[in-house]
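S.K.: Could you have a look at this structure, given as structure tokens, before my questions?
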Amino acid sequence: ELPQVEGGTRLEVMMLAMALLFLVPAVTAEDTLNFLAIGDWGPDPNSTAEIAVAQGMGTVAKELNAEFVALLGDNFYTTGIQSDEFSSRFHDTFESVFSAESLQKIPFYAIAGNHDHKGNVSAQIEYSKHSDRWTYPQPWYSVKHQFGERSVELFLIDTVVLAGSSESEQGENGGHGLAGYDLPGPVNSQLASMQIKWLMDGLRSSTADYVLVGGHYPIYSIGSHGNTPLLEMVLKPLLEKYGAHYMCGHDHDMLHIDKGAGVQYILTGAGGDGCCYDAKHLESVPKEAIKFAAVGKDGSAYQKMPLPLLGGFVSFQLRAESMTVVFHAHDGTELYRTQEIPRRKSDDTRNLVDEDLDSYFATLDL
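Quick note: to get this note's numbering, add 72 to the position in the sequence shown (first position is 1).
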């Protein structure tokens with residue numbers, strides 16, 4: 073005879089537990105969406121780091137069944153594409169490097185960085201017509217993916233159009249170009265205003281459960297380039313108002329910054345052109361806002377990494393009610409995982425700033 077357990081036999085308790093399991097909805101593949109993101113990934117010739125990162129991405133993409141990859145600028149070092157969409161760089165730097173089977177049938181959503189603007193960005197856009205994977209339809213654009221009853225929308229923007237080129241002939245900032253606070257502002261203010269208006273309208277009308285804005289320059293960074301005040305002025309209010317998060321590259325580091333206003337700032341700039349930049353602007357971000365930082369030699373200058381980093385990337389793992397962002401070493405090793413980040417809710421989205429932002433942005437001297 074089985075002994076009694078809180079008013080019933082062990083067998084009865086086991087049967088009750090099994091019954092309760094069937095009452096809990098199972099998480100299916102349709103309830104999840106995973107994707108990868110990297111920046112600063114396209115050296116010429118191909119580097120050991122880029123190849124290692126691409127292989128690690130292939131491993132993680134297979135494990136997660138990743139649906140797409142976001143490429144956050146500086147796709148082709150050091151002077152972009154110098155000819156047209158038939159340049160051999162597309163095959164040599166992109167198609168032949170991201171060769172894992174798990175990366176073959178998914179889109180790579182690209183946006184330009186400062187090094188791309190030293191060449192022909194239009195060639196990168198045109199190459200979309202010649203590749204099954206490379207997706208860069210316009211200078212800035214949005215894409216939306218549905219999973220189960222949820223959705224995610226990406227707004228990919230050209231931050232060089234907004235803040236100007238970081239290139240400098242004087243070799244400032246240790247040869248890394250202009251720091252964020254020294255950026256000259258847009259060359260074409262009308263084009264910059266058009267992009268901001270497009271982004272504002274898109275964020276305002278988005279019904280997605282998760283919204284991410286992706287660009288090249290960081291809003292906040294402790295790396296060599298530091299913060300970008302112009303982007304902080306222009307983008308931060310929009311991100312906070314519409315419950316969006318920001319992902320970027322530029323500094324060849326990996327960072328998670330959370331300043332407490334709900335917006336998560338994800339920097340993933342260690343895609344293959346060297347890792348990692350020094351934490352030259354450590355004082356520019358409050359210590360309590362720095363949740364993770366792979367910077368400096370082997371990535372371990374701020375906190376100890378489990379292995380010397382050649383580079384790295386991030387994966388976004390979305391579920392019905394929350395998402396997590398995971399930072400990976402070049403070989404796919406998990407370095408850090410954010411806490412659960414809740415999805416946007418109809419009752420708390422778009423109420424962080426009450427005033428109409430149209431008049432605010434109309435006053436910016438872009």
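Even for Gly, the Cβ is constructed at its ideal location relative to N, Cα and C.
It should be emphasised that the depicted structure is a prediction, and the values quoted were computed from it without experimental measurement.
Locate the beta strand (DSSP E) running through M305, then write down its first and last residues.
M.R.: M305 -> not in any beta strand (DSSP E); alpha helix (DSSP H) instead, spanning P301 to V306.
S.K.: Please list the segments of the alpha helix (DSSP H) lying wholly inside the region 137-215, counting only runs of 4 or more residues, in order along the chain.
M.R.: List check, alpha helix (DSSP H) in window: 193-199.
S.K.: Do you know offhand how far A195's Cα is from G145's?
M.R.: So the alpha carbons of these two residues sit roughly 14 Å apart.
S.K.: Let me confirm a value: G332 is counted as buried when at least 16 other C-beta atoms fall within 10 Å, else exposed. Which label applies?
M.R.: The residue in question, G332, is exposed, as its Cβ has fewer than 16 Cβ neighbours within 10 Å.
S.K.: Classify H328 as buried or exposed, calling it buried when 16 or more other Cβ atoms lie within 10 Å of its own Cβ.
M.R.: With 16 or more other Cβ atoms within 10 Å, it is buried.
S.K.: Please confirm whether V283 and E225 have their CB atoms less than 7 Å apart.
M.R.: Yes, Cβ-Cβ distance for V283 and E225 is below 7 Å.
S.K.: Do G344 and G383 come within 7 Å of each other at the CB atom, strictly closer than that value?
M.R.: Yes, the Cβ-Cβ distance between G383 and G344 is below 7 Å.
S.K.: Are the CB atoms of S174 and G128 nearer to each other than 7 Å?
M.R.: Not in contact: S174 and G128 (Cβ atoms no closer than 7 Å).
S.K.: With distances taken between CB atoms, is the gap from S119 to N186 smaller than 7 Å?
M.R.: No, these two residues do not count as a Cβ contact at 7 Å.
S.K.: Got a sec, what are the start and stop residues for the alpha helix (DSSP H) A366 sits in?
M.R.: Not the alpha helix (DSSP H): A366 falls in the beta strand (DSSP E), residues I362 to A366.
S.K.: Can you check whether the CB of G252 is closer than 7 Å to the CB of E239?
M.R.: No, the pair does not count as a contact, with Cβ atoms beyond the cut-off.
S.K.: Within this structure, are the beta carbons of Y337 and Y289 separated by less than 7 Å?
M.R.: No, the pair does not count as a contact, with Cβ atoms beyond the cut-off.
S.K.: Could you check if K177 is buried or exposed, using at least 16 other CB atoms within 10 Å of its CB as the buried criterion?
M.R.: Flag for K177 reads exposed.
S.K.: Of all the options G295, G341 and K216, which has the alpha carbon lying nearest to the alpha carbon of A121?
M.R.: That would be G341, whose Cα lies nearest to the Cα of A121.
S.K.: Kindly indicate which residue of Q262, W206 and A138 has the alpha-carbon position closest to the one of S168.
M.R.: That would be W206, whose Cα lies nearest to the Cα of S168.
S.K.: What separation, rounded to the nearest whole angstrom, lies between the Cα atoms of P358 and H202?
M.R.: Those two C-alpha atoms are separated by around 45 Å.
S.K.: Quick check on the DSSP output: what are the complete beta strand (DSSP E) runs of length 3 or more inside the region 286-358, in order along the chain?
M.R.: DSSP runs (the beta strand (DSSP E)) wholly in the region 286-358: 317-320, 326-330 and 336-340.
S.K.: Is it the case that the region 101-108 contacts the region 213-220, given that we only count it when at least three CB pairs across the two stretches are under 8 Å?
M.R.: Output reads yes: the region 101-108 touches the region 213-220.
S.K.: Between which two residues does the beta strand (DSSP E) carrying V398 extend?
M.R.: From DSSP, the beta strand (DSSP E) with V398 extends over S394 to A401.
S.K.: Considering G274, what are the terminal residues of the beta strand (DSSP E) in which it resides?
M.R.: Counting along the chain, G274 falls outside any beta strand (DSSP E), though it belongs to the alpha helix (DSSP H) covering S261 to S277.
S.K.: Can the beta-carbon of P179 be found less than 7 Å from the beta-carbon of F140?
M.R.: Yes, the Cβ-Cβ distance between P179 and F140 is below 7 Å.
S.K.: With 16 other CB atoms within 10 Å as the buried threshold, where does P211 fall?
M.R.: P211 comes out buried.
S.K.: Tell me the residue span of the alpha helix (DSSP H) that contains A235.
M.R.: Unbroken alpha helix (DSSP H) run through A235: T231 to A235.
S.K.: At which residues does the beta strand (DSSP E) containing N106 begin and terminate?
M.R.: Run containing N106: L105 to I110, per the beta strand (DSSP E) assignment.
S.K.: Whose C-beta lies closer than 6 Å to the C-beta of F170 among residues of the same chain, with five residues either side of it excluded?
M.R.: Hits under 6 Å: A126.
S.K.: May I ask which residues mark the beginning and end of the beta strand (DSSP E) holding Q411?
M.R.: From DSSP, Q411 is part of no beta strand (DSSP E); its letter is neither H nor E.
S.K.: Between which two residues does the beta strand (DSSP E) containing E440 stretch?
M.R.: The structure shown has nothing for residue 440, since the chain only spans 73 to 438.
S.K.: Can a CB atom of chain B be found closer than 7 Å to the CB of G315?
M.R.: Here there is only one protein chain, and chain B is not present.
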